[in-house]
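Novice: One structure, pasted below without further comment.
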Amino acid sequence: MNASDEFSALWLSVQLAAITTVLLILIATPLAWWLSGTRSRARPVIEATVALPIVLPPTVLGFYLLVLLGPYGAIGRWWVELTGDTLSFSFTGLVIASCVYSLPFAVQPLQHAFEALGRREIEAARTLGATPLDAFFSVAVPQSARGFLNAIVLSFAHTLGEFGVVLMVGGNIPGETRTISIAIYDRVESLDYTAAHTLSATLLVFAFAAMLAMYLVNYRGRRNA
Amino acid sequence: MPDALPVELRYALSRPEFALDVELVLPATGITGLFGPSGAGKTTLLRCIAGLERAATARLSVDGELWQGGEAVRPIHERRIGYVFQEPRLFGHLDVRRNLEYGARRSRDSRGSVDFDGVVDLLGLRGLLRRQPVALSGGEAQRVAIGRALLRRPRLVLMDEPLAALDRARKDEILPFLDRLHAELELPIVYVSHNVEEICRLCDHLVVMEAGKVLATGDLQSVLVQAGLPGLGGDEAGSVITGRLAGHDAAYDITRLEYSGGVLQVPGRFDATGSTVRVRIRASDVSLTRERPRQTTILNVVDASIEHIAEQGPMRLLRLRLGDDRLLARITHRSCDELQLREGETVLAQIKAVAIRNTPQH
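Residue numbers (this note's numbering), protein chains in the order written: chain U, 532 to 756; chain X, 2 to 363.
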C-alpha cells in the first residue's frame, strides 16, 4: 500500500460524499417540505422510516441494501437488465446506499427549518402573486439557508465517514468502492498503524472543522436573530 | 372609466365545530366592515375569498369577472387580492423596499393606478425603505404590509383586523393612513374588525356575522341602528351621522355641522369647510325630553320622531328619525314608561356628546 492508494481512497470518499449530498438535497427538500406541512396520517410512518438509519446498525441496513441491490434483488435485477452492470460492489451502488444511509441527516435539518418558518409568509407570498414554486424559492429557501447548510454539512460528513454500509454493499475494490474508512480498517488489519493514523487524523480534522463551521454559523445566526 | 361592478360571493363549508354559510354582495368601492364576535367566521371568510381555504360551495365574482364558481377556480396567485393579515408577515430576508416590490414584480397586469411612489407617500414609508423588517416597530411593519398589498395592484383588498395586534398609540398612528386610503382608493375593501369605533370611523358598509352566518348587511348607519345585533347593543350602541362642515364659531371654538335633520354643534375645529364629516353618537349619550329645556348645558337639542322601541332588559333602545338620518337613544324602561313614549311620536333628543371623525366620502 502506498500514498497514491490512500489518496485514491480519500478522493473516492469525497466524490461519494459530494454526489450523495447533491442527490440528497434534491430528494430531501421536497420530502422535508411535504413533511413540514402535511396533516396526512402517513406522516409519522414516513418520518419513522426516514429516521431508521440513525438507529439501525449499519450492517443491518447494509445487509438489506445488499439483498435489494444484488443481481437477484428487486432493484439490482432491474438495474442489470437496464445497464448490464451489477449495482452491488459498484460505485453507483454505493451512492444509492449512501443516500439511504444519510437521508435523515438531510431531511431532519430541512424539516426543522421549514417548520420553524411556518406557512404564514408563504401564504403572504401566494396572495402577492407568487406561484407555489416561486413562493418556495423566493421565500422558503432563503429563509431556511441555515437548514440547508446544516443538511449539506451533516450529509457530507456522515457519508464521508460511513463504514458498515460500504463494507456490506461495496466491499473493498480500490478506486471503485474502497473508501477512506475501509482503507483505515485495512491498514489496521495489516498492523500498518502509521497509515491508519494519517487517514484517521485526516477524517478527524475534517469532521471537526465541518462541525465547527456549522455551529459557528448557527451561533451567529441565532445571535443576529 | 365605467363604474366597477360589485363583489358577489357565496361560500359554505362545514367543519366539526364550525359551519360557514355566507352569501354577500359588496359594493365596488368603499370599505365594507365585517363585524362579529370571535368565532363568527370572519377570518375564514376572508381566507376563502383569497383561496387560502377550501370551501364545499364557492362562488366569487369581482367586478364582473368570475374568479371561482362551477368549473372555474383561480389559484391564489391569480386572484389579484391585496391581503393584509393580522400580523404583518413581512419577508424577513428582504428589506422594506424589496418587500414592497415583491407583489408589484409579480403583477404584470398594469390595470389599476397604484404606483410605487404614490403608495410610499400615502403610507409614509419613505424613511423606512432600506430597513430590515426586524428593525421596524409593530405599526411601521403593518404599514409596510398594507403598502405591499396595495402594490400588488389588487382588484379587491382584504384586511383582517390589521390593528388588532397593536396598542392604542400604534393604532392611532395607522388610522390616519387608513383614512387616506379610504379617500383615495377606488377599490372594494373588506375590513374585518370587532372594534365598533374602528368600524364607525372607517367603513361605509357593514356586514354583521355570527356563528358563520350573516345577520345584517347594508350601509353603515342602517345596520348600526338595527336593534339586537351582537356587539352593537348595550354600551356600544350608537349611530353615525354624516354632515357638511358649515362654519366655526371662533369665540367658543365650536364647529357647525349641517346634516339632513338640521345642524349639530361640535366642540373643536375641523379643517376644510364644505367637506363632509362623519360623527358617531352613542345611544347612551342621547336623552329624551317632552319639553324643550329652557336652561341646559347640552348644545344639541333636536326634534326627532320615534321609529322603533326595542326592549333590552331594564333598558329601552329607541331608534329616532332626524331628517333622513337615524339616531339611537338608550334609556331606562322606567323613563320610557314615565314619559309614555310610543312609536310614531315626536320628542326632543338631547345629544350630550359627539365623537367626530374627519372622514372624506366618495
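Heads up, the beta-carbon is just placed ideally off N, CA and C, and yes, glycines get one too.
Counting only beta-carbon separations shorter than 8 Å, does H78 (chain X) have a partner in chain U?
Specialist: Interface criterion met: the Cβ of H78 (chain X) is under 8 Å from a Cβ in chain U.
Novice: Between which two residues does the alpha helix (DSSP H) carrying T218 (chain X) extend?
Specialist: That residue, T218 (chain X), is in no alpha helix (DSSP H); its beta strand (DSSP E) goes K214 to D220.
Novice: Determine, using beta carbons only, whether Q642 (chain U) comes closer than 8 Å to chain B.
Specialist: In the displayed structure, chain B is absent; the protein chains listed are U and X.
Novice: Secondary structure at T45 (chain X), three-state DSSP: helix, strand or coil?
Specialist: helix
Novice: Any idea what DSSP makes of E312 (chain X), helix, strand or coil?
Specialist: strand
Novice: Specify the secondary structure class of P361 (chain X) as computed by DSSP and reduced to three states.
Specialist: For P361 (chain X), the pLDDT reaches just 43, beneath the cut-off of 50, and the residue's location in the model is therefore unreliable, leaving the point undetermined.
Novice: Could you name the residues of chain U that L53 (chain X) contacts, counting a contact when the two beta carbons are closer than 8 Å?
Specialist: E654, R657 and T658
Novice: Measure the C-alpha to C-alpha separation of R295 (chain X) and G324 (chain X) and round it to an integer number of angstroms.
Specialist: 24 Å
Novice: Taking the CB atoms as reference points, tell me whether Q222 (chain X) and D326 (chain X) lie closer together than 8 Å.
Specialist: yes
Novice: Could you tell me which of X:E339, X:E174, X:S285 and X:V303 sits nearest to E259 (chain X), measuring between CA atoms?
Specialist: X:V303
Novice: Could you pull the start and end residues of the beta strand (DSSP E) that G248 (chain X) belongs to?
Specialist: Start and end: G239 to D250.
Novice: Among residues of its own chain, excluding the 5 on either side of R81 (chain X), which ones have a beta-carbon nearer than 8 Å to its beta-carbon?
Specialist: V63, S108, D110, R153, R154, P155, R156 and L157
Novice: Taking Cβ positions only, does V748 (chain U) come closer than 8 Å to chain X?
Specialist: Chain X contact via Cβ: absent.
Novice: For the candidate residues U:M699, U:R657 and U:G706, whose alpha-carbon lies nearest to that of S539 (chain U)?
Specialist: U:G706
Novice: If you reduce the DSSP assignment to three classes, tell me which class L634 (chain U) lands in.
Specialist: helix
Novice: Using a Cβ-Cβ cut-off of 7 Å (strictly less than) and excluding sequence neighbours within five positions of G702 (chain U), which residues of its own chain qualify?
Specialist: F620 and T708
Novice: When DSSP builds the beta bridges, which residues end up paired with E1 (chain X)?
Specialist: Summary: the structure shown does not reach residue 1 (chain X), with chain X confined to residues 2 through 363, and so no result is reported for it.
Novice: In whole angstroms, give me the CA-to-CA distance for P163 (chain X) and R657 (chain U).
Specialist: 18 Å
Novice: Quick one: measure Cβ to Cβ for G37 (chain X) and V209 (chain X), integer angstroms, because I've assumed they're closer than 8 Å.
Specialist: Right, the Cβ-Cβ distance comes to about 6 Å (below 8 Å), so this counts as a contact.
Novice: How would you list, in chain order, the residues of chain U whose beta-carbon sits under 9 Å from the beta-carbon of R153 (chain X)?
Specialist: T658, L659 and G660
Novice: Check whether the Cβ atoms of A393 (chain X) and L159 (chain X) lie closer than 8 Å to each other.
Specialist: The requested residue 393 (chain X) is not part of the displayed model; chain X covers only 2 to 363.
Novice: Along chain X, in chain order, which residues have C-beta atoms closer than 7 Å to that of R530 (chain U)?
Specialist: Past the edges of chain U, shown from 532 to 756, lies residue 530 (chain U), and the structure says nothing about it.
Novice: Can you round the beta-carbon distance between G34 (chain X) and H206 (chain X) to whole angstroms, since I take them to be within the 8 Å contact cut?
Specialist: 7 Å
Novice: Please work out which residues of its chain come closer than 7 Å, Cβ to Cβ, to L599 (chain U), disregarding the five sequence neighbours upstream and downstream, and give them in chain order.
Specialist: A605, I606 and G607
Novice: Just the chain U side, please: which residues come within less than 8 Å of G93 (chain X) by C-beta, in chain order?
Specialist: E652 and Q674
Novice: From G148 (chain X) to L91 (chain X), what does the alpha carbon distance come to, in whole angstroms?
Specialist: So the two alpha carbons sit approximately 11 Å from each other.
Novice: Suppose you measure from the CA of V700 (chain U) to the CA of G624 (chain U); what does that come to, to the nearest Å?
Specialist: For V700 (chain U) and G624 (chain U), the distance between alpha carbons rounds to 7 Å.
Novice: Are the stretch 182–197 of chain X and the stretch 40–59 of chain X in contact at 8 Å, needing three or more beta carbon pairs?
Specialist: yes
Novice: Evaluate the contact criterion for the stretch 307–324 of chain X versus the stretch 337–357 of chain X: three or more CB pairs, one atom per stretch, below 8 Å.
Specialist: yes
Novice: How far does the beta strand (DSSP E) with I190 (chain X) in it extend, from its first residue to its last?
Specialist: Residues P189 to S194.
Novice: Would R270 (chain X) count as contacting chain U if we go by Cβ distances under 8 Å?
Specialist: no
Novice: Distance, Cα to Cα, G229 (chain X) vs P177 (chain X)?
Specialist: 31 Å
Novice: For a cutoff of 8 Å on Cβ pairs, would you count S108 (chain X) as touching chain U?
Specialist: yes
Novice: Just mark M742 (chain U) as buried or exposed, buried being the case when its beta carbon has 16 or more other beta carbons within 10 Å.
Specialist: exposed
Novice: Run through DSSP, which three-state label would E162 (chain X) get?
Specialist: Residue state, collapsed to three classes: coil.
Novice: Classify Q69 (chain X) as buried or exposed, calling it buried when 16 or more other Cβ atoms lie within 10 Å of its own Cβ.
Specialist: buried
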